[in-house]
Amino acid sequence: ITMNTAVLRPSCVIVSFHILIRGIPGVRNRLNAALITINILNCLKYLREETGMTIILVSHSMDDVANYVSRIMVMNDGVLTYDDTPRNVFRHYKELEAIGLAAPQVTYLMNDLKQAGFDVNTDAITIDEAKESILSALG
């Protein structure tokens, strides 16, 4: 991706992870796929930050989405349901579930902790944000 993108310098790149990972020879287990995914996402993030290139990421992994995107567009049966920042979209995690999507695992953890009486930030969408909020709540 990086070599072709660097040479061609498009203003926009569309990446579908489901198709991408399945098409890479030698990706036979989850660990290999996860490592490849992280490397590709880091390359895409670098391209976006360094060149201003638009990256359209098609993914069902909301954990990846929470860590790498600045805007989420959620489609449901061809209708745009959400178009906002990850934090704002994941506040609607129950509505996302109703259309077959999930929020990042952190979202569920933080909401469960809040319901159990802990004073945590339910807007945390990454592991680092959750860690900070949990440590703060524990004093």
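One rule links them: number in my numbering = place in the sequence shown (from 1) + 8.
From the three backbone atoms N, C-alpha and C, an ideal C-beta is built for every residue, glycine too.
Between the CA atoms of residue 58 and residue 21 - distance to the nearest angstrom: 14 Å
Helix, strand or coil: which one does DSSP assign to residue 91? strand
Cβ separation of residue 24 and residue 61, assumed to be a contact under 8 Å, to the nearest whole Å: Actually they are not in contact, since the Cβ atoms of residue 24 and residue 61 sit about 17 Å apart, beyond 8 Å.
I want to know whether the segment 64-71 touches the segment 100-114 - three or more CB-CB distances under 8 Å. yes
Is any heavy atom in the ligand PLP found nearer than 7 Å to the beta carbon of residue 63? Of ligands this structure carries none, so the ligand PLP is not represented either.
Expressed to the nearest angstrom, what Euclidean distance is found between the alpha-carbon atoms of residue 144 and residue 138? 10 Å
Is residue 132 closer than 8 Å to residue 118 when the C-beta atoms are compared? yes
For residue 128, the first and last residue of its enclosing alpha helix (DSSP H): Unbroken run through residue 128: none, as it is neither H nor E.
Please state whether the Cβ-Cβ distance between residue 74 and residue 130 is less than 8 Å. no
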